[in-house]
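Taking it in order: structure first as structure tokens, then the write-up.
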Amino acid sequence: MQAKYDTILVLDFGGQYCHLIGRRIRENGVYSEIVPNDISPEEIAVLNEKFNVKGLIFSGGPSSVYEPNAPKLHPRILEVNLPILGLCYGHQLLAQLTGSKVEPAACKEYGIAQVAIDKPVGVLEGLSEKEQVWMSHGDTVFTPPPGFEALAHTENCPVAAFRHKTKPIYGLQWHPEVIHTENGMRMLQNFIFQVCKCQANWQMEDLIPKMVKELQAETGGSRTIIGLSGGIDSSVATAIAAKALGDKLTAVFVDHGLMREGEPEQIRETFQKYPINFIVANAQERFLQKLKGVTEPEAKRKVIGEEFIRVFEEIANKSGAEYLIQGTIYPDRIESGFRKGSDKIKSHHNVAGLPEKIKFKKILEPLRDLYKDEVRKVARMLDLPKEIVNRQPFPGPGLAVRIIGDLTEEKVKIAKRADKIVREEIEKNDFAENLWQYFAVLTDTKATGVKGDARAYGYVVAVRAMESREAMTATFAKIPYPVLEKISTRITNEIPQVTRVVYDVTHKPPATIEWE
Ligand code: XMP
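Residue numbers (my numbering): 420 to 935.
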């Protein structure tokens, strides 16, 4: 293992894509850490003892630089004398810090835009005269700061990219980290390899011993429990925690009765074979009880988040466990609005759904900075079985967020049957492998139908199938009509309470993947 990695620090201004920047850098074999937006030169010097800090990237963010509480740079940040790349909001802050004016654009740009590259140098080296980029901004830099020159423009944005005339400091109004910026990776590579002169001396494998060491240090050898849902995240976290803590670790599978059909049995069978302490907590009744009459999605998520913790606490009381480990990954945290300056989209049960008072000394999250596909890579390195590595993601709150409105035993049964049919029909096809998730949603809408010559009035089931790389954005899958037809026919034939099936054709954004 390399003692000190060449490292890029990403200053976090709350943008939804901030961590994507970090992972794009890691994909190039260069280590990156996400750090607070107002990190000082002295704090960077301390980090430099651990890493070989070679450059800074200022991320995007949802604020306008003129808002009173807008996140700011440390006023002496330029004293670090390191290469800098400002992106979107980071580009505007850089312009403001170096003496240029940022103003509201006459025409705001959101989505794909064409940019004219006027000078293909430095970060823009090797690019064509016209490039497709992803923009998302309301404010604009109209003139380069003193000592800087403009490198690119769009129709509405005269300084879409700039650089310092003598120092390695760059700003881009667009997001190179988003796949819709066609040559975004090339731009980031230009920055990390040409401008910062990084060596690609980091690899994913290095993460495993790092996580093991961290867990050992954080728990100090105390008894610890881990929430194991059988999904890839908690399974990977369990494998790492087992390496770190051995028999001090107990894995707890909470059967809340809202899993997919056949799943609790499968999870039991898989994990009972492993040399770990494994407990199944039968909590179906208590979850259903707590959820009775709860219809608002965020309230449901909070009830579930709290109930999970109470079950874990009861088990910890008996076993003397002091710490709780969760398989939380990065998108769970970002959507729960955990950072200063970022917006809450929904409370993931294991993040913003947690109760305020918890009896554990601390909750530990070894996978907190990883995306799902990175977790899959780690799973393969750990030799986890294929059925776990390839399992489609399933939310901790389970079918509760796929049954709209009130939860009843009958609705849970309907949702399970519909979901099973969707899975069976989709998994008969090769394209299933390319889907991120596919499932049924039991809506709270009822519709008239005709079954066996008689009027029927029943539920509307929505089918959802999504393609995605990391769940931050997703597109609905273009499932062939015959497959949809088979799903629809089976659901209405086999589930008497359902009269209608619809297919959800909304991307994320503006929708989210789950309905609640
Ligand atoms: P959304 O619905 O936010 O989902 O687009 C993004 C991904 O996260 C999963 N998801 C959750 N996973 N606890 C989890 O463990 C949760 O509370 C939760 N909510 C959503 C969702 O299935 C999708 O893969």
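Backbone N, C-alpha and C define an ideal beta-carbon position, used for all residues, glycine too.
Local conformation of residue i per DSSP, three classes
| i | result |
| --- | --- |
| arginine 821 | coil |
| glycine 665 | helix |
| tyrosine 450 | strand |
| proline 460 | helix |
| glutamate 528 | strand |
| glutamine 551 | strand |
| methionine 420 | Any reading at methionine 420 needs caution, since the residue's pLDDT is 47, under 50, leaving its predicted position unreliable; the model's value is listed next. Methionine 420: coil per DSSP, three-state reduction. |
| lysine 885 | Looking at the sequence shown, residue 885 is not lysine but methionine. If DSSP states are grouped into helix, strand and coil, methionine 885 belongs with the strands. |
| histidine 438 | helix |
| tyrosine 749 | helix |
| tyrosine 878 | strand |
| valine 924 | coil |
| alanine 834 | helix |
| tyrosine 485 | coil |
| lysine 896 | According to the sequence shown, residue 896 is alanine rather than lysine. The answer is coil: DSSP assigns alanine 896 none of H, G, I, E or B. |
| arginine 919 | strand |
| proline 774 | coil |
| alanine 670 | strand |
| alanine 636 | helix |
| glutamate 933 | coil |
| alanine 619 | coil |
| leucine 707 | helix |
Own chain residues within Cβ distance below 8 Å of residue i, not counting five before or after
| i | result |
| --- | --- |
| glutamate 844 | Val902, Lys905, Ile906, Arg909 |
| tyrosine 436 | Ser478, Gly479, His594, Glu596, Val597, Met891 |
| lysine 835 | Arg679, Glu680, Leu818 |
| isoleucine 734 | Ile644, Thr669, Val671, Ile698, Ala700, Ala740 |
| leucine 773 | Gly724, Glu725, Ile728, Ile782 |
Which residues DSSP lists as bridging residue i, in chain order
| i | result |
| --- | --- |
| alanine 658 | For alanine 658, which the question treats as bridged, DSSP gives no partner whatsoever. |
| leucine 497 | Leucine 497 pairs with nothing; no bridge assigned. |
| glycine 590 | Gly505, Phe581 |
| proline 565 | According to DSSP, proline 565 bridges with nothing at all. |
| glutamate 522 | Thr559 |
| threonine 426 | Tyr450, Val472 |
| histidine 572 | Ala535 |
| proline 455 | Asp431 |
| glutamine 856 | Met885 |
| leucine 861 | Ile822, Val880 |
| alanine 866 | Gly877 |
| phenylalanine 612 | Answer is none; phenylalanine 612 lacks a bridge partner. |
| phenylalanine 850 | Looking at the DSSP assignment, phenylalanine 850 forms no beta bridge with any residue, so it has no partner. |
Residue range of the alpha helix (DSSP H) that includes residue i
| i | result |
| --- | --- |
| alanine 938 | Absent from the model: residue 938. The displayed extent of the chain is 420 to 935, so no value can be given. |
| histidine 510 | 508-516 |
| glycine 646 | That residue, glycine 646, is in no alpha helix (DSSP H); its beta strand (DSSP E) goes 643-646. |
| arginine 810 | From DSSP, arginine 810 is part of no alpha helix (DSSP H); its letter is neither H nor E. |
| isoleucine 723 | 716-738 |
| leucine 743 | Premise fails: leucine 743 lies in the beta strand (DSSP E), 742-744, not in any alpha helix (DSSP H). |
| glutamate 624 | Run containing glutamate 624: none; DSSP gives neither H nor E here. |
| proline 595 | Counting along the chain, proline 595 falls outside any alpha helix (DSSP H), and DSSP gives it neither H nor E. |
| glycine 603 | 603-608 |
| glutamate 682 | 682-691 |
Rounded Cβ spacing between residue i and residue j (contact assumed at less than 8 Å)
| i | j | result |
| --- | --- | --- |
| threonine 426 | valine 472 | 5 Å |
| glutamine 811 | glutamine 745 | That belief does not hold up - the Cβ atoms of glutamine 811 and glutamine 745 are roughly 20 Å apart, past 8 Å. |
| glycine 509 | phenylalanine 432 | 6 Å |
| leucine 861 | valine 880 | 6 Å |
| alanine 884 | alanine 893 | Contact flag wrong, Cβ pair sits at about 10 Å. |
Own chain, CB closer than 6 Å to residue i, minus 5 neighbours either side, in chain order
| i | result |
| --- | --- |
| isoleucine 764 | Glu754 |
| aspartate 825 | Thr714 |
| alanine 663 | Val631, Leu634, Gln635 |
| glycine 545 | none |
| glutamine 421 | Low confidence applies to glutamine 421: its pLDDT is 49, below 50, so where it sits in the model is not reliable enough to give any reading. |
| leucine 504 | Ile476, Tyr589, Phe610 |
| alanine 875 | Gly868, Thr918 |
Neighbourhood of residue i by C-beta, 7 Å cutoff - its chain only, sequence neighbours within 5 removed
| i | result |
| --- | --- |
| serine 483 | Ala489, Gly557, Asp558 |
| alanine 571 | Val534, Ala535, Ile536, Asp537, Leu543, Ala579, Ala580 |
| glutamate 935 | Pro716, Lys719, Val820, Ile823 |
| valine 449 | Asp425, Ile427, Ile611, Cys617, Ala619, Trp621 |
| arginine 443 | Glu596, Met604, Leu607 |
Endpoints, the beta strand (DSSP E) within which residue i is located
| i | result |
| --- | --- |
| isoleucine 698 | 696-701 |
| lysine 781 | 781-783 |
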